[in-house]
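Each remark here refers to the structure printed beneath this line.
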Amino acid sequence: MIAKILVRHLQARPLSSALTILAVSAALTLLGSFWTITENLEKVRMSQTKAGESPSITFFVDPSLSADEVAKLQSNISSRSYFVGIETIKPEEAGAELEKQFGKALTDALGSETFPLMIKAKLQSNTINTNEWNVQMNELRSLPGVLDVDDGSDVLPSAKTSISSKAFSWSTIFLVAVLMVVSLLVSHLIRLIFESNRGELETLKVLGASKSWVFFPLVVESAIIGFVASALALGTLFWIVKGVLPQYSEILLPSGTQLETLSMSSNLGLLALGVLAAMLGALFTWPLVNKPATEG
Amino acid sequence: MVSAGQSAFSHFSIELKDVDREFRATNKVGGKEQVTDSVQALSRVSLRIQQGEFVFLTGQSGAGKSTLLKIVLGLDTPTAGEVFTLGQAVHKLSEAQRRELRREIGIVYQDYKLLPSLSVRENIEVPLHLQNINSKERARRVDEILETIQLQNHAKHNVQTLSGGEKQRVALARALVLCPSLIIADEPTGNLDPQTARSIVRLLREIKGKGTTVLLATHDMGLVRDFGGRVLELISGTLPANKNHKAYKVPRFWSGAEL
Numbered sequence: 001m002i003a004k005i006l007v008r009h010l011q012a013r014p015l016s017s018a019l020t021i022l023a024v025s026a027a028l029t030l031l032g033s034f035w036t037i038t039e040n041l042e043k044v045r046m047s048q049t050k051a052g053e054s055p056s057i058t059f060f061v062d063p064s065l066s067a068d069e070v071a072k073l074q075s076n077i078s079s080r081s082y083f084v085g086i087e088t089i090k091p092e093e094a095g096a097e098l099e100k101q102f103g104k105a106l107t108d109a110l111g112s113e114t115f116p117l118m119i120k121a122k123l124q125s126n127t128i129n130t131n132e133w134n135v136q137m138n139e140l141r142s143l144p145g146v147l148d149v150d151d152g153s154d155v156l157p158s159a160k161t162s163i164s165s166k167a168f169s170w171s172t173i174f175l176v177a178v179l180m181v182v183s184l185l186v187s188h189l190i191r192l193i194f195e196s197n198r199g200e201l202e203t204l205k206v207l208g209a210s211k212s213w214v215f216f217p218l219v220v221e222s223a224i225i226g227f228v229a230s231a232l233a234l235g236t237l238f239w240i241v242k243g244v245l246p247q248y249s250e251i252l253l254p255s256g257t258q259l260e261t262l263s264m265s266s267n268l269g270l271l272a273l274g275v276l277a278a279m280l281g282a283l284f285t286w287p288l289v290n291k292p293a294t295e296g
Numbered sequence: 001m002v003s004a005g006q007s008a009f010s011h012f013s014i015e016l017k018d019v020d021r022e023f024r025a026t027n028k029v030g031g032k033e034q035v036t037d038s039v040q041a042l043s044r045v046s047l048r049i050q051q052g053e054f055v056f057l058t059g060q061s062g063a064g065k066s067t068l069l070k071i072v073l074g075l076d077t078p079t080a081g082e083v084f085t086l087g088q089a090v091h092k093l094s095e096a097q098r099r100e101l102r103r104e105i106g107i108v109y110q111d112y113k114l115l116p117s118l119s120v121r122e123n124i125e126v127p128l129h130l131q132n133i134n135s136k137e138r139a140r141r142v143d144e145i146l147e148t149i150q151l152q153n154h155a156k157h158n159v160q161t162l163s164g165g166e167k168q169r170v171a172l173a174r175a176l177v178l179c180p181s182l183i184i185a186d187e188p189t190g191n192l193d194p195q196t197a198r199s200i201v202r203l204l205r206e207i208k209g210k211g212t213t214v215l216l217a218t219h220d221m222g223l224v225r226d227f228g229g230r231v232l233e234l235i236s237g238t239l240p241a242n243k244n245h246k247a248y249k250v251p252r253f254w255s256g257a258e259l
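Quick look at the structure:
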């Protein structure tokens, strides 16, 4: 019986229902597009981080240090929890490395006696953020015998600088905006539906129907609208990412870049958001439901 | 012992004591609400209707019949006075309690107020749904009442396909399906031809025979003449012939044949 009432309500305003579904779908598609871009950028960042694995930090050490002093320095460095796998490169090996990279002319010009001793330490980038690392860098640079330390801060995550965290703050603002737009659009439609079926709903109230009995179909209607609009938005997103963008990838995307569709969790998130925002919209009709019964 | 909200005279189906209903039109002038117009729809109306009575409520359009019925049903609140329906002090009840009360009353309207998306059977089932009666019992009661109103063959038809008389029979069936002790009918014959109107009133009289109280508002004096019984006549919101409830007992100023 409630299903029949539902269908009738939705049929009461077919054009408004269709337009609302399209508008809600458009808002959700916009949000979904933003999520798609964020997810793809995040994938690129992750792949770059993976390619470098644990980044190496190089200490340039005074070659005149004694073996004991070098050992003490190594011990000092390895005692820090964010370093793993310390490796010492002797000056002649460093020279060979330089020669391999930049040619013999450079090593000849520098002279083998000036080559520093190099200590390479692998950094566990997930144990420290940029701000902490900057403090540590100053301390490491002031260690006795250390000439310089190359800066590894670009590979470190920071709550303020990573793509995902920046995107998150924008996503939150965007998400709230979409939530409000969807709720308002659906509440407007549900109000129209309520007005179109006011006589019927008032009859139910007169016959003694509880508020929840009157309200339930309206909430289910809004959930259906939210679901249909979300499904439409997900379909549109899939079509854009897999059907439209590849045709223009040479113009729009760097070569070799392949866009991925939203992850399953984001798909479900968008679907849930659409349904919840729409149901939230139905709440705006509560004052109409809450009014004492009249004869309609 | 009479609990709060219960009438001391619970053997009355309906009891009104000095009921006033004034409708006011207000306007905000300088931030203060001012009454710009007012209409006294009911003025010091008192009446008692005993369990099992069949009562016609008559009067011209605008006499206050519908207002009185709304007040009895808890769809409107009197400006002054006390209203007891099925022993409950309606004027003191909350909206939720009024809803509960209305579920105990069969209500019939001139414009049927059927749910257009539903079939005859589903419309009759609505009050049973509201009372959370199980499907087996619902089916049994609907079958029974369909037989009474002789619409068994239309059970699955959408109510929009029915004639006016058939729609009113469905509305009547919906009102009767819970075997209420009180039926309130507001101009139930207003949209019907004389023959169909009489068949509807005849049905209501049959129900009265089962101990159900029926209060039927009509401005069709022909019906009143034909069916007779107790008549309350509202004139400009007052019941002049019924200043004392004892006077109600013999107010048959139309004596028609009892059916």
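Heads up: the protein sequence lines correspond to chains A and B, in order.
Quick note: the first sequence uses my numbering, first residue 1, plus one each step.
Quick note: the second sequence uses my numbering, first residue 1, plus one each step.
In this text, a Cβ means the ideal position worked out from N, Cα and C, and glycines have one as well.
Given the structure is predicted, the values throughout are model-derived calculations rather than measurements.
Residue i vs residue j beta-carbon contact at 7 angstroms
{"i": "residue 14 of chain B", "j": "residue 49 of chain B", "result": "yes"}
{"i": "residue 177 of chain A", "j": "residue 28 of chain A", "result": "no"}
{"i": "residue 21 of chain B", "j": "residue 42 of chain B", "result": "yes"}
{"i": "residue 73 of chain B", "j": "residue 99 of chain B", "result": "no"}
{"i": "residue 78 of chain A", "j": "residue 120 of chain A", "result": "no"}
{"i": "residue 143 of chain A", "j": "residue 277 of chain A", "result": "no"}
{"i": "residue 204 of chain A", "j": "residue 127 of chain B", "result": "no"}
{"i": "residue 209 of chain A", "j": "residue 130 of chain B", "result": "yes"}
{"i": "residue 149 of chain B", "j": "residue 169 of chain B", "result": "yes"}
{"i": "residue 140 of chain A", "j": "residue 60 of chain A", "result": "no"}
{"i": "residue 281 of chain A", "j": "residue 196 of chain A", "result": "no"}
{"i": "residue 150 of chain A", "j": "residue 88 of chain A", "result": "no"}
{"i": "residue 191 of chain B", "j": "residue 110 of chain B", "result": "yes"}
Closest by C-alpha distance to residue i, when choosing among the options
{"i": "residue 287 of chain A", "options": "A:31, A:194, A:14", "result": "A:194"}
{"i": "residue 225 of chain B", "options": "B:209, B:51, B:58", "result": "B:58"}
{"i": "residue 181 of chain A", "options": "A:3, A:279, A:147, A:264", "result": "A:279"}
{"i": "residue 81 of chain A", "options": "A:105, A:123, A:119, A:72", "result": "A:123"}
{"i": "residue 186 of chain A", "options": "A:63, A:283, A:34, A:235", "result": "A:283"}
{"i": "residue 213 of chain B", "options": "B:229, B:162, B:77, B:220", "result": "B:229"}
{"i": "residue 117 of chain A", "options": "A:136, A:108, A:33, A:69", "result": "A:69"}
{"i": "residue 230 of chain A", "options": "A:26, A:247, A:97, A:85", "result": "A:26"}
{"i": "residue 215 of chain B", "options": "B:100, B:70, B:236, B:78", "result": "B:70"}
{"i": "residue 66 of chain A", "options": "A:6, A:83, A:145", "result": "A:145"}
{"i": "residue 241 of chain A", "options": "A:36, A:10, A:96", "result": "A:36"}
{"i": "residue 24 of chain A", "options": "A:188, A:261, A:149, A:196", "result": "A:188"}
{"i": "residue 11 of chain A", "options": "A:291, A:221, A:74, A:266", "result": "A:221"}
{"i": "residue 265 of chain A", "options": "A:39, A:4, A:21, A:18", "result": "A:39"}
{"i": "residue 124 of chain B", "options": "B:171, B:162, B:111", "result": "B:171"}
{"i": "residue 81 of chain B", "options": "B:93, B:45, B:56", "result": "B:45"}
{"i": "residue 18 of chain B", "options": "B:162, B:126, B:78, B:60", "result": "B:78"}
{"i": "residue 86 of chain B", "options": "B:129, B:29, B:16, B:62", "result": "B:16"}
{"i": "residue 228 of chain A", "options": "A:1, A:184, A:17, A:171", "result": "A:17"}
{"i": "residue 239 of chain A", "options": "A:33, A:8, A:85", "result": "A:33"}
{"i": "residue 289 of chain A", "options": "A:267, A:217, A:93, A:243", "result": "A:217"}
{"i": "residue 13 of chain A", "options": "A:268, A:190, A:245", "result": "A:190"}
{"i": "residue 12 of chain B", "options": "B:33, B:36, B:38, B:52", "result": "B:52"}
{"i": "residue 221 of chain B", "options": "B:39, B:37, B:61, B:26", "result": "B:61"}
Residues that residue i contacts on chain B, provided the C-beta gap is smaller than 9 angstroms
{"i": "residue 5 of chain A", "result": "115, 117, 118"}
{"i": "residue 13 of chain A", "result": "Correct list: empty, because the minimum Cβ distance to chain B is about 14 angstroms."}
Per-residue contacts from residue i into chain A (C-beta, under 8 angstroms)
{"i": "residue 107 of chain B", "result": "206, 207"}
Per-residue contacts from residue i into chain B (C-beta, under 7 angstroms)
{"i": "residue 292 of chain A", "result": "95"}
Per-residue contacts from residue i into chain A (C-beta, under 7 angstroms)
{"i": "residue 75 of chain B", "result": "206, 293, 294, 295"}
Contact set between residue i and chain B, taken where Cβ atoms lie within less than 8 angstroms
{"i": "residue 1 of chain A", "result": "118, 122, 125, 126, 129"}
By the 8 angstroms beta-carbon criterion, what residues does the segment 189-210 of chain A contribute toward chain B? 199, 200, 203, 204, 205, 206, 207, 208, 209, 210
By the 9 angstroms beta-carbon criterion, what residues does the segment 112-138 of chain B contribute toward chain A? 113, 114, 115, 116, 117, 118, 119, 122, 125, 126, 127, 129, 130, 131
Assess, as a yes-or-no matter, whether the segment 64-75 of chain B is touched by the segment 178-188 of chain B under the definition of 3 or more beta carbon pairs within less than 8 angstroms. yes
Listed from N- to C-terminal order along the chain, which residues in the segment 94-105 of chain B have their beta-carbon within a distance smaller than 9 angstroms of any beta-carbon of chain C? The chain inventory of the structure shown lacks chain C, comprising the protein chains A and B.
Counting pairs of beta carbons, one from the segment 112-130 of chain B and one from the segment 196-211 of chain A, are three or more of them closer than 8 angstroms? yes
Scan the segment 144-171 of chain B for residues whose Cβ lies nearer than 8 angstroms to a Cβ of chain A and list them as they occur along the chain. none
Please list, in chain order, the residues of the segment 15-39 of chain A that have any C-beta partner in chain B closer than 8 angstroms. none
Hey, is the segment 158-177 of chain B in contact with the segment 140-147 of chain B, meaning 3+ C-beta pairs nearer than 8 angstroms? yes
Just by C-beta distance, which residues in the segment 210-226 of chain A are closer than 9 angstroms to chain B? 210, 211, 213
Report yes or no: do the segment 194-205 of chain B and the segment 150-169 of chain B share at least 3 C-beta pairs separated by less than 8 angstroms? yes
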